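Undergrad:
2 protein chains.
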Amino acid sequence: MVTQGLISTREDILERAIPLFARLGFHGVSMRDIAAEVEMQAAALYHHFADKEALYLAAMAYAFKDKSVVLTQAIAIPGTPLERLNRFVETLAEGMGRDPDFLALLQRERIDGNETRLKLLAEEVFAEPFDALLTLAKEIAPAHDSHMVAISICALVMYHMETAPMRRFLPGWHTTLDQPKFIAKHAMALLAQLFADGDQK
Amino acid sequence: MVTQGLISTREDILERAIPLFARLGFHGVSMRDIAAEVEMQAAALYHHFADKEALYLAAMAYAFKDKSVVLTQAIAIPGTPLERLNRFVETLAEGMGRDPDFLALLQRERIDGNETRLKLLAEEVFAEPFDALLTLAKEIAPAHDSHMVAISICALVMYHMETAPMRRFLPGWHTTLDQPKFIAKHAMALLAQLFADGDQK
DNA sequence: ATGAACTTAACGAACGTTCATTAAACATCG
DNA sequence: CGATGTTTAATGAACGTTCGTTAAGTTCAT
Numbered sequence: 001m002v003t004q005g006l007i008s009t010r011e012d013i014l015e016r017a018i019p020l021f022a023r024l025g026f027h028g029v030s031m032r033d034i035a036a037e038v039e040m041q042a043a044a045l046y047h048h049f050a051d052k053e054a055l056y057l058a059a060m061a062y063a064f065k066d067k068s069v070v071l072t073q074a075i076a077i078p079g080t081p082l083e084r085l086n087r088f089v090e091t092l093a094e095g096m097g098r099d100p101d102f103l104a105l106l107q108r109e110r111i112d113g114n115e116t117r118l119k120l121l122a123e124e125v126f127a128e129p130f131d132a133l134l135t136l137a138k139e140i141a142p143a144h145d146s147h148m149v150a151i152s153i154c155a156l157v158m159y160h161m162e163t164a165p166m167r168r169f170l171p172g173w174h175t176t177l178d179q180p181k182f183i184a185k186h187a188m189a190l191l192a193q194l195f196a197d198g199d200q201k
Numbered sequence: 202m203v204t205q206g207l208i209s210t211r212e213d214i215l216e217r218a219i220p221l222f223a224r225l226g227f228h229g230v231s232m233r234d235i236a237a238e239v240e241m242q243a244a245a246l247y248h249h250f251a252d253k254e255a256l257y258l259a260a261m262a263y264a265f266k267d268k269s270v271v272l273t274q275a276i277a278i279p280g281t282p283l284e285r286l287n288r289f290v291e292t293l294a295e296g297m298g299r300d301p302d303f304l305a306l307l308q309r310e311r312i313d314g315n316e317t318r319l320k321l322l323a324e325e326v327f328a329e330p331f332d333a334l335l336t337l338a339k340e341i342a343p344a345h346d347s348h349m350v351a352i353s354i355c356a357l358v359m360y361h362m363e364t365a366p367m368r369r370f371l372p373g374w375h376t377t378l379d380q381p382k383f384i385a386k387h388a389m390a391l392l393a394q395l396f397a398d399g400d401q402k
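Top line first, the protein sequences correspond to chains S and V.
For the first sequence, this note's numbering assigns the number 1 to the initial residue and increments by one for each residue that follows.
For the second sequence, this note's numbering assigns the number 202 to the initial residue and increments by one for each residue that follows.
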């Protein structure tokens with residue numbers, strides 16, 4: 001065995017391809033671009049992947065792997081519903097702030113992904129933490145549609161992160177407003193106010 | 202003059218290029234693709250635009266033109282703060298539902314746009330309605346950061362619309378939850394609850 | 001007859017991909 | 001242990017196609 005504790009060539013390719021795909025998209029990156037990043041010839045890539053699409057799909061799977069576990073865990077830690085929600089929101093914001101490539105890939109996949117890929121992403125990556133968030137939403141806001149509440153919770157974190165590059169040029173912006181910790185804090189301030197008591201409709 | 206009340210060739214090109222760019226992105230669309238859509242030769246496009254990037258930028262400008270006016274108007278109609286907020290939210294949801302190409306282009310530009318383009322988009326398209334939303338946010342929730350509140354309001358509408366293709370595969374979804382009217386209603390239900398009284402922090 | 005709008009033809013570059021080949025790593029066996 | 005054959009990973013060259021773009025020629029209303 002060559003790879004032992006170190007990284008295999010295949011994984012090296014994926015890890016170096018991910019930032020390229022994240023920044024430039026599928027059509028914006030050539031096989032030669034990826035090869036150059038790994039410091040090998042483009043032809044060698046075909047020894048590890050059938051074609052460009054297979055490489056891209058493998059890169060996506062690799063980038064999305066294990067991303068949901070932390071979220072599911074965060075929400076699973078015992079505590080009051082608001083405490084658990086707070087843990088989820090903080091973990092989500094912190095995680096996205098730490099991995100801008102993942103944030104970019106997720107947005108790209110939302111626009112470019114076909115039905116099959118979107119279904120896979122939803123079911124393999126997000127179903128588990130979303131389910132946990134769904135039951136939390138039912139506890140916390142039984143009067144509203146749980147799916148909508150769960151998405152709204154994500155929205156209050158994700159939209160700030162996704163729009164950060166543009167918000168810079170909108171009135172009232174300052175550097176603090178881009179920090180994951182602050183975004184989580186703001187989202188929780190609103191959510192706590194929303195779901196303070198038993199949720200009157 | 203050939204164009205009279207009808208559409209000019211230049212505008213025809215832009216209008217037919219927009220859906221292509223929205224669906225496939227800059228690198229996913231070739232000059233020949235666009236030409237085929239307008240039923241002319243690719244070389245003819247260069248009679249109207251210097252190069253592909255100029256065509257793309259013109260298409261973006263064309264797609265984003267006048268998009269902000271309705272929003273600014275919606276928020277300007279007299280009424281209680283919550284009524285004005287409701288009008289804004291409904292107009293935003295309705296507008297995005299009616300123009301999926303615009304929704305897609307906006308997301309693409311957020312990821313692909315360089316600093317210059319993002320600044321242009323922010324200042325030329327969104328500054329005006331966002332400013333109005335900002336002052337409304339100050340009225341309605343003086344205890345929170347206005348920029349954050351304004352973005353959060355948009356988030357509660359936009360994130361539902363942007364994630365619609367993927368939410369289909371998440372638990373708790375049903376067709377109703379994708380309708381702009383319903384999204385606006387849900388967003389307002391949360392916002393009304395948030396900002397019902399003078400906004401206790 | 002001039003200029004705008006468009007065509008046909010072609011350019012070089014870059015694209016994804018295939019091919020034959022090679023060097024190293026591995027397995028098998030006398 | 002060392003010679004053997006096999007597998008694996010990578011190379012460099014090349015294929016056919018498509019890309020953005022340019023040049024020259026045609027049509028046609030003014």
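Note that the Cβ used here is the ideal one computed from N, Cα and C, for glycine as well.
The structure presented is a predicted model; accordingly, all values stated were derived computationally and were not measured.
Please confirm whether Phe-331 of chain V and Ala-351 of chain V have their CB atoms less than 8 Å apart.
TA: yes
Undergrad: Specify whether the region 321 to 336 of chain V and the region 74 to 87 of chain S touch according to this definition: at least 3 beta carbon pairs, one from each stretch, less than 8 Å apart.
TA: Counting Cβ pairs under 8 Å, fewer than three are found: no touch.
Undergrad: Would you mind telling me which residues of chain S sit closer than 8 Å to Arg-233 of chain V, beta carbon to beta carbon, in chain order?
TA: Residues of chain S passing the Cβ test: none, with the nearest at roughly 15 Å.
Undergrad: Report all residues from its chain with a CB closer than 6 Å to the CB of Asp-379 of chain V; omit the five preceding and five following residues, and keep chain order.
TA: Ala-365
Undergrad: Given that a residue counts as buried once 16 or more other Cβ atoms are within 10 Å of its Cβ, and exposed if not, what is Asp-252 of chain V?
TA: exposed
Undergrad: Regarding Pro-129 of chain S and the ligand COA, is the C-beta to nearest heavy atom distance less than 7 Å?
TA: You won't find the ligand COA in this model; it holds no ligand whatsoever.
Undergrad: Using only the alpha-carbon positions, how far apart do His-186 of chain S and Ser-146 of chain S sit?
TA: Whole-angstrom Cα-Cα distance: 21 Å.
Undergrad: Tell me where the alpha helix (DSSP H) around Lys-138 of chain S begins and ends.
TA: 127 to 140
Undergrad: Between V:Glu-254, V:Glu-310, V:Leu-221, which lies nearest to Glu-238 of chain V when the distance is taken from Cα to Cα?
TA: V:Leu-221
Undergrad: Any residues in the region 310 to 326 of chain V with a beta carbon nearer than 9 Å to a beta carbon of chain S? Which ones, in chain order?
TA: Against chain S - using a Cβ distance shorter than 9 Å - the residues of the region 310 to 326 of chain V are Glu-310, Arg-311, Ile-312, Asp-313, Gly-314, Glu-316, Leu-319, Lys-320, Leu-321, Leu-322, Ala-323, Glu-324.
Undergrad: Is the Cβ of Gln-4 of chain S closer than 8 Å to any Cβ of chain V?
TA: Note on Gln-4 of chain S: pLDDT 37, under 50, position unreliable in the model; no value is reported.
Undergrad: Could you give the residue range of the alpha helix (DSSP H) that holds Pro-165 of chain S?
TA: Per DSSP, Pro-165 of chain S belongs to the alpha helix (DSSP H) from 164 to 167.
Undergrad: Which residue's Cα is closest to the Cα of Met-96 of chain S: S:Ile-111, S:His-160, S:Leu-190, S:Gly-172?
TA: S:His-160
Undergrad: Can you list, in chain order, the residues of its chain with a C-beta nearer than 8 Å to that of Lys-402 of chain V? Leave out the 5 residues immediately preceding and following it.
TA: Note that Lys-402 of chain V scores a pLDDT of 42, beneath 50, so its modelled location is shaky; the value from the coordinates is reported in the next line. Only Ala-344, His-345 meet the Cβ criterion.
Undergrad: For Ala-342 of chain V and Phe-383 of chain V, which I take to be in contact (beta-carbon distance under 8 Å), what is that distance rounded to the nearest angstrom?
TA: Incorrect: roughly 24 Å between the Cβ atoms, too far for contact.
Undergrad: How would you write the range of the alpha helix (DSSP H) that Gly-298 of chain V sits in, first residue to last?
TA: 282 to 299
Undergrad: Under 7 Å, CB to CB, which of the residues in the region 162 to 181 of chain S have a partner in chain V?
TA: Glu-162, Thr-163, Pro-165, Met-166, Arg-167, Phe-169, Leu-170, Pro-171, Gly-172, Trp-173, Leu-177
Undergrad: Please list the terminal residues of the continuous alpha helix (DSSP H) segment that includes Met-389 of chain V.
TA: 381 to 395
Undergrad: Could you pull out every residue in the same chain whose Cβ sits closer than 8 Å to the Cβ of Gly-25 of chain S, ignoring the five residues on either side in sequence?
TA: Arg-108, Asp-112
Undergrad: Between which two residues does the alpha helix (DSSP H) holding Leu-258 of chain V run?
TA: 253 to 265
Undergrad: For a contact defined as C-beta to C-beta under 7 Å, what are the partners of Ile-151 of chain S on chain V?
TA: Tyr-360, His-361, Thr-364, Arg-368
Undergrad: Against chain V, does Ser-8 of chain S count as a neighbour if the rule is that its beta carbon must be under 8 Å from one of theirs?
TA: no
Undergrad: Mark Asn-287 of chain V as exposed unless 16 or more other C-beta atoms lie within 10 angstroms of its C-beta, in which case mark it buried.
TA: Under this definition Asn-287 of chain V is a buried residue.
Undergrad: Measuring only the C-alpha atoms, how far is Thr-204 of chain V from Val-358 of chain V?
TA: Residue placement at Thr-204 of chain V is poorly supported in this model, since its pLDDT is 35, which falls under 50; the coordinates are not used for a value here.
Undergrad: Could you tell me the alpha carbon to alpha carbon distance between Thr-376 of chain V and Leu-191 of chain S, rounded to whole angstroms?
TA: Thr-376 of chain V and Leu-191 of chain S: Cα-Cα distance of roughly 26 Å.
Undergrad: Closest Cβ-Cβ distance between Ser-347 of chain V and chain S: below 8 Å?
TA: yes
Undergrad: Using 8 Å as the limit for Cβ to Cβ distance, is Asp-332 of chain V near chain S?
TA: yes
Undergrad: Taking C-beta pairs closer than 7 Å, name the residues in chain S that Ala-393 of chain V reaches, listed in chain order.
TA: The contacting residues do not exist; Ala-393 of chain V stays about 10 Å from chain S at best.
Undergrad: Cα separation between Ser-152 of chain S and Ala-390 of chain V?
TA: About 12 Å.
Undergrad: Would Ala-305 of chain V pass as a contact of Arg-224 of chain V if the rule is Cβ separation under 8 Å?
TA: yes
Undergrad: When Cβ atoms are compared, which residues of the region 279 to 311 of chain V fall closer than 7 Å to chain S?
TA: Correct list: Ala-305, Gln-308, Arg-309, Arg-311.
Undergrad: DSSP on His-160 of chain S, reduced to helix/strand/coil?
TA: helix
Undergrad: Determine the extent of the alpha helix (DSSP H) in which Leu-322 of chain V is found, giving its start and end residues.
TA: Careful: Leu-322 of chain V lies outside any alpha helix (DSSP H) and carries neither H nor E.
Undergrad: Can you pull the chain S residues whose beta carbon is under 9 Å from the beta carbon of Val-328 of chain V, in chain order?
TA: Here residue 328 of chain V is Ala; the residue named in the question, Val, does not match the sequence. Residues of chain S whose Cβ lies closer than 9 Å to the Cβ of Ala-328 of chain V are, in chain order, Phe-169, Leu-170, Pro-171.
Undergrad: In whole angstroms, what is the alpha-carbon distance linking Leu-118 of chain S and Ser-68 of chain S?
TA: Straight through space, the alpha carbons of Ser-68 of chain S and Leu-118 of chain S are spaced by roughly 15 Å.
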